[in-house]
Each structure stands twice: as structure tokens, then as C-alpha cells.
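Novice: First the structure, then my questions, so here it is.
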Amino acid sequence: MTSNPVQEPSAETISGTVIAPPRLITLILLSALAVLPVNMILPSLPNIAATFEADFALVNMSVAGFAIITALLEVIGGAISDRFGRRPVVLISLSIFVVASVGCALAPNIGVFLLFRAMQAGIAPCYSVALVIIKETSDGREAASKFGYLAMGWALAPMVGPLFGGSLDELFGWRSSFVVFVILGVAAFVLSMHELKGVLAPHRSKTKYLASYGQLLGSARFWAYTLCMACSMGVLYVFLGGAPLVIGDALGGSSAKLGFYMGLVPAGFILGSYLAGRYASKKSLGAILVFARLLTCTGLLLGLILAILDLTHVLAFFGPCILIGVGNGLTMPAANSGAMSVRSDLIGTAAGLAAAMRIAGGAIVASIAGLFLPDSVHALFIMMLASASLALLAALYAAHLDRRVSLSLL
């Protein structure tokens with residue numbers, strides 16, 4: 000184990016086979032490339048609509064449709080990599096992405112553009128497979144540490160994507176964003192061709208696909224980790240949906256100010272991911288999860304108290320909410336590592352299923368909260384604290400189950 004997980008790793012022995020892991024920076028590129036196309040073109044949507052003389056709602060399908068296809072591919076991508084190996088899935092995904100990006104850049108009309116834009120979502124499995132490769136070439140704590148650095152890149156990509164895409168559009172036109180996607184895709188393909196040679200295909204489970212999902216869903220540990228992630232994401236989704244409603248007037252209706260203050264939470268996520276990368280290899284997964292969820296609950300409880308005391312300064316609201324991001328940044332690497340530890344022969348399936356359950360579960364929590372969320376700071380903090388408390392309970396249960404597993408191995 001190294002003190003700096005970002006340095007080039009040495010070969011390790013997994014299941015009796017020597018595996019030379021790829022550099023972490025390559026896996027960070029793969030994970031970032033899986034999320035960067037989602038919103039990098041957002042500033043260009045009006046110009047794309049103008050170029051094709053298309054209705055804006057139709058052009059907007061290039062974002063919504065991409066996200067939907069990405070979610071579907073997340074579910075099946077990991078299972079496919081369990082069957083055919085990690086390297087083939089990554090190379091095929093990157094090949095589809097590069098071809099699709101070329102098609103978008105050269106599209107003569109909106110129909111062709113939307114077709115190739117849908118194909119671009121073929122990059123989605125690269126995120127789950129990057130997680131799987133780390134898990135297969137690292138022990139539990141070291142994997143959680145590396146997941147932290149991976150999460151930093153995953154979080155930074157959607158933050159800087161719109162700024163980068165908007166600048167490219169202004170300087171060279173909207174098609175230049177897709178030229179950049181081609182360049183990044185080719186670079187990732189070349190790196191993966193070289194560095195994933197040592198990542199051997201896993202022992203292929205003879206379990207049928209549907210049965211493999213059933214086996215994971217029958218595991219209490221898998222549920223504990225995924226529910227912890229889902230409820231943690233639920234806190235974030237409730238915040239994103241409720242903050243503009245309850246605090247927008249206090250900022251004078253300024254979208255720029257609202258965007259700045261809401262950006263403090265993703266910044267907190269990056270900080271939490273960095274801390275996970277720095278310290279996760281030194282602590283148990285259960286301890287990290289419980290600490291992370293206690294941190295978020297403490298911040299939200301403080302925010303609720305400040306709201307009850309009628310402190311109306313904008314930082315009295317957003318300051319405590321920063322701990323949502325920090326807590327989630329610590330939670331996701333540890334919970335992902337735990338979920339993928341449940342079945343060593345179904346790591347890819349677990350990664351994809353956990354990602355889908357995290358997104359869907361978070362959305363369900365936010366939807367339920369939306370039914371009861373009036374125009375009130377108090378109510379918003381109560382809803383977020385309720386979801387955070389459920390995540391804490393799941394973290395405590397996961398830590399308990401992990402201790403039982405550890406004791407059974409003694």
C-alpha cells in the first residue's frame with residue numbers, strides 16, 4: 000500500500016493471477032469522460048437549435064435522452080463486463096463514443112444529430128468498469144481511497160464542462176465541443192489499449208444475468224450499502240429541488256448568486272472525495288460511512304436550529320449545507336467499495352446495479368419530499384435531515400454486518 004494512491008501502481012496478485020493495474024489517472028479520465036458529455040453542450044443548445052432551425056424542446060432531448068440511455072447502460076454495462084471482461088467493454092464503449100462524436104460534429108440536420116448523440120451515451124459503462132478495475136486490483140480500504148480520487152474527477156467534470164463548452168462555442172462554434180470529445184475519446188482509447196492489457200478477464204460466473212441481480216438483491220450487505228448511497232443522494236436531490244424555492248427571494252432573484260452559493264455543495268463533495276482518497280485506506284469502510292453520515296446530519300441539524308432561531312443570512316442556510324457535499328464525497332467511495340465486495344464474481348454487476356439504485360433511490364426520496372415540501376426553510380431542513388438519518392441508519396447497519404463478516408473469518 001502506498002501513501003499516495005495517485006502514483007503509478009505496482010503489479011498485484013489477485014486470485015492467484017498477477018495483474019498490472021492501469022494508472023489511476025487513466026481510470027479518472029474514463030470516469031470523467033462518462034459524465035462530461037452530459038452537460039458540456041448545455042450552453043450550446045440555443046446555437047444548435049438555430050443551426051438546425053429546430054424547436055428548442057427537440058434539441059433539449061439531446062441532454063435528457065443522453066441521461067436516460069446512460070442510466071440504462073449503467074445497469075447492464077457492469078454485467079456485460081463480468082461476462083466478457085473489462086478491457087473489451089471499455090474499448091467498444093470508447094469506439095462507439097468516438098464514432099458518435101464525429102457524427103455529431105458533422106451532422107447535417109437535427110435527426111442525424113440526435114441519433115449520434117444517443118450513440119454517444121455508449122461511453123456510460125466506462126465509469127462502472129473503472130470502479131470495477133480499481134476494486135479488482137486493490138484491497139477494500141485502498142479501493143475506497145482510490146474511489147475518492149476517482150470521484151473528484153467525476154465531480155469536477157460536470158462543474159467545468161459547461162464553462163469549457165460555452166467557451167469553445169463562443170470561440171469556434173458548437174461543433175468544436177464534439178471535436179474535443181473525439182480527441183479525448185481517442186486519447187482514452189490509446190491509453191486503455193496499452194494500460195488495460197494487464198487487466199485480465201474475471202472468472203466468468205455461470206450465473207445467468209437475472210439470477211445474478213437476484214443474488215445481489217438478496218444480500219443484506221448490498222442493500223445496506225446501496226440504501227446508504229441512495230438516501231445520501233436523496234439529501235442532495237432534495238436540496239437541489241428545494242433551495243431555489245426557499246432561498247431564491249433572499250438573493251434578490253439573482254440566478255448568478257444562487258448558482259454560486261449552490262455550487263458550494265459540489266465543492267464540498269470534491270473536498271469529501273479528496274479526504275476519502277487521502278484517508279480511506281487507513282480506516283474501515285464502516286467507520287468512514289458512519290462518520291460521513293454523522294457529519295451530514297450534524298450540519299443539517301445545525302441548519303435547522305439556525306432556521307428556527309430565524310437567522311436569515313444566506314450563509315446560515317448554505318453554510319451547513321456544505322456538509323451535504325462533504326458527507327456524500329466521503330460516503331460514495333466507501334459505499335461503492337462495500338457494495339462491490341459482496342460477491343467477488345459479480346463485481347461488475349454490483350457496480351452497475353448499485354449505480355442505478357443510487358440514482359433511482361435518490362430520485363424517489365426527492366419525489367416523496369416534493370409532495371410535502373412547502374415554501375419553508377424549516378421544512379426543507381427537516382426533509383433533508385430525515386433522508387440523512389435514513390442514510391445514517393443504513394451506514395450503521397452496514398458497519399454492523401461488516402463486523403460480523405470480519406468475526407466469522409477469524
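Just so we're aligned: 366 in numbering that gives the first Met the number 0 is position 367 of the sequence shown, and the numbers increase by one with no gaps anywhere. Quick reminder that beta carbons are idealized off the backbone N, C-alpha and C, glycines included.
1) Starting from His-193, trace the alpha helix (DSSP H) both ways and give me its first and last residue.
2) Put Glu-52 into one of helix, strand or coil per three-state DSSP.
3) Indicate the three-state DSSP secondary structure (helix, strand or coil) for Met-339 in the structure shown.
4) Could you tell me if Thr-1 is buried or exposed, where buried requires 16 or more neighbouring beta carbons within 10 angstroms of its beta carbon?
5) Hey, Val-111 and Gly-121 are a contact pair by Cβ (cut 8 Å); roughly how many whole angstroms apart?
6) Is it the case that the Cβ atoms of Leu-28 and Ala-187 are separated by a distance below 7 Å?
7) Is the segment 390-405 close to the segment 261-277, with three or more CB pairs under 8 Å?
8) Let me know the secondary structure DSSP gives Met-39 once reduced to three states.
9) Identify which residue in Arg-82, Ser-100, Ala-150, Leu-57 has its Cα closest to the Cα of Ile-24.
10) Kindly indicate which residue of Leu-322, Leu-226, Phe-317, Thr-69 has the alpha-carbon position closest to the one of Leu-35.
11) Hey, how far is the Cα of His-288 from the Cα of Leu-114?
12) Give me, in chain order, the residues of the same chain whose beta-carbon lies closer than 7 Å to that of Ser-9; leave out the 5 immediate sequence neighbours on both sides.
13) Pull up the distance between the alpha-carbon of Ala-123 and that of Leu-71, whole angstroms please.
14) Is Ala-123 helix, strand or coil by DSSP?
15) By Cβ distance, which residues of its chain are closer than 8 Å to Gly-360, with the 5 residues on each side in sequence left out?
16) Determine the direct distance from the alpha carbon of Pro-87 to that of Gly-318, and round the result to whole angstroms.
17) Using only alpha-carbon positions, find the residue among Leu-329, Ala-249, Gln-214 that is nearest to Asp-344.
18) Between the segment 162-170 and the segment 34-53, do at least 3 Cβ pairs fall closer than 8 Å?
19) Applying the criterion that 16 or more other CB atoms from any shown protein chain within 10 Å of the CB defines a buried residue, is Thr-311 buried or exposed?
20) Once DSSP output is grouped into helix, strand and coil, what is the label at His-399?
21) When burial is assigned at 16 or more other CB atoms within 10 Å of the CB, is Ile-307 buried or exposed?
22) Quick one, are the C-beta atoms of Ala-350 and Val-131 less than 7 Å apart?
23) Leaving aside the five residues before and after Gly-77 along the sequence, list all residues of the same chain whose C-beta is less than 6 Å from its C-beta, in chain order.
24) Relative to the ligand GTP, is the shortest distance from any of its heavy atoms to the C-beta of Ser-80 smaller than 6 Å?
25) Going straight from the alpha carbon of Asn-3 to that of Arg-277, what length do you get?
26) What residue range does the alpha helix (DSSP H) around Pro-265 cover?
27) Can you say whether Val-58 is buried or exposed, counting buried as having 16 or more other CB atoms within 10 angstroms of its CB?
28) Quick one: what does DSSP say Lys-419 is sitting in, helix, strand or coil?
29) Nearest to Asp-248 by CA position, among Glu-194, Val-376, Asp-138, is which residue?
30) Under 6 Å Cβ to Cβ from Glu-7, same chain only, skipping five residues before and after it: list those, please.
31) Can you check the segment 303-357 for any alpha helix (DSSP H) of at least 4 residues that lies completely inside it and give the ranges in chain order?
Specialist: In terms of the structure at hand:
1) 174-194
2) coil
3) coil
4) Reliability of the predicted coordinates at Thr-1 is poor, the pLDDT of 40 falling under 50, and no value is obtained from them.
5) Wrong, their Cβ atoms sit about 17 Å apart, outside the cutoff.
6) yes
7) no
8) coil
9) Ala-150
10) Thr-69
11) Looking at the sequence shown, residue 288 is not His but Leu. One C-alpha to the other measures close to 41 Å.
12) With a pLDDT of 43 at Ser-9, under the threshold of 50, the modelled position of this residue cannot be trusted; read the value that follows with caution. So the list is empty, once near-sequence residues are dropped.
13) 9 Å
14) coil
15) Thr-225, Leu-226, Met-228, Ala-229, Cys-230, Met-232, Gly-233
16) 45 Å
17) Gln-214
18) yes
19) exposed
20) helix
21) exposed
22) yes
23) Ser-127, Gly-347, Thr-348, Ala-350, Gly-351
24) The ligand GTP is not among the ligands present in this structure, which contains no ligands whatsoever.
25) Its pLDDT being 39, under 50, Asn-3 is placed unreliably in this model, and the value from its coordinates should be taken loosely. Rounded to the nearest angstrom, the two C-alpha atoms are 8 Å apart.
26) 263-278
27) buried
28) Nothing in the structure corresponds to residue 419, since the chain is present only between 0 and 409.
29) Val-376
30) Legend: pLDDT at Glu-7 = 39, less than 50; position of this residue unreliable, no value from coordinates given.
31) 313-338
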